[in-house]
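In the UniProt record's numbering, the protein residues as written are 1 to 264.
Reading through the structure tokens given below for one structure.
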């Protein structure tokens with residue numbers, strides 16, 4: 001049975017809908033799909049993306065959902081008012097447009113302008129205030145309170161219940177990658193959602209063909225031991241779904257299946 005996968009969506013509902021239509025045209029309405037995370041941030045409709053995925057799941061679609069680093073940052077903002085992640089070495093906050101959290105909360109009606117105090121060397125960017133349109137300037141905890149009122153609980157639960165990886169036979173689906181040489185049961189969450197160093201340059205054999213996103217490319221790339229499906233939808237490029245069938249890999253477009261040849 002064919003398995004379909006969709007890389008980083010980043011709040012682009014229109015691109016997600018196109019990808020879903022391409023998959024349905026190839027595999028029918030009950031196609032098995034694994035989504036690789038980073039559903040939110042940077043794009044204009046993170047709320048719409050999450051709702052579309054939830055509606056599909058609740059409608060009985062055979063879909064699986066992997067958690068991305070941006071999804072976790074959104075959840076940490078909602079749950080503990082955290083806008084920094086130790087993996088962001090620049091110190092910028094999740095609300096900075098470079099990371100795109102401002103676009104995510106705007107999709108829930110919290111459009112506004114953030115004022116930051118820039119980090120010093122090795123420091124963290126501080127949110128001074130958030131000027132919510134039609135309201136006064138809010139501090140971080142006030143902004144989180146407002147978000148708690150408008151972000152549906154089912155959206156929080158969806159992210160919290162997403163998986164760190166999905167193993168399906170000869171394929172392992174994960175957001176960022178794995179630490180080579182470490183058993184799957186011993187993999188660290190930080191690596192699964194953030195890893196680049198020691199992974200992107202790894203050319204050795206693996207127990208599976210690992211399918212991941214996280215590191216944006218110009219288009220999906222087959223590296224032999226892994227397939228990177230982050231084709232840069234967050235940066236103006238298409239969201240390109242892939243199909244894994246009978247040991248071969250294709251991408252999908254309006255003309256149908258296009259072979260994705262290993263460059264490894």
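Idealized CB from N, CA, C, for every residue including glycine.
Put residue i into one of helix, strand or coil per three-state DSSP.
i	result
residue 240	coil
residue 253	strand
residue 151	coil
residue 24	helix
residue 163	strand
residue 57	helix
residue 115	strand
residue 258	strand
residue 141	helix
residue 174	strand
residue 124	coil
residue 129	strand
residue 72	helix
residue 51	helix
Consider the Cβ of residue i: report whether some Cβ of chain B lies at a distance smaller than 8 Å.
i	result
residue 188	The structure shown contains no chain B; it holds only a single protein chain.
Taking the Cβ atom as the reference point for each residue, do residue i and residue j lie within a distance shorter than 8 Å?
i	j	result
residue 229	residue 5	yes
residue 175	residue 36	yes
residue 280	residue 101	Because the chain is modelled from 1 through 264, residue 280 falls outside the range shown and cannot be assessed.
residue 15	residue 233	yes
residue 70	residue 49	no
residue 10	residue 42	yes
residue 3	residue 171	yes
residue 219	residue 240	yes
Measure how close the beta-carbons of residue i and residue j come, nearest whole angstrom, since I'm counting them as under 8 Å.
i	j	result
residue 212	residue 226	6 Å
residue 184	residue 167	7 Å
Distance, Cα to Cα, residue i vs residue j?
i	j	result
residue 231	residue 80	32 Å
residue 251	residue 72	28 Å
residue 21	residue 13	12 Å
residue 78	residue 160	11 Å
residue 178	residue 200	10 Å
residue 242	residue 92	33 Å
residue 47	residue 191	26 Å
residue 150	residue 202	43 Å
residue 152	residue 33	24 Å
residue 117	residue 128	6 Å
residue 173	residue 88	23 Å
residue 31	residue 154	24 Å
residue 186	residue 169	19 Å
residue 63	residue 29	11 Å
residue 107	residue 82	19 Å
residue 259	residue 207	23 Å
residue 96	residue 25	38 Å
With burial defined as no fewer than 16 other Cβ atoms inside 10 Å of the residue's Cβ, what is the status of residue i: buried or exposed?
i	result
residue 256	exposed
residue 55	exposed
residue 315	Nothing in the structure corresponds to residue 315, since the chain is present only between 1 and 264.
residue 141	exposed
residue 205	exposed
residue 210	buried
residue 261	exposed
residue 113	exposed
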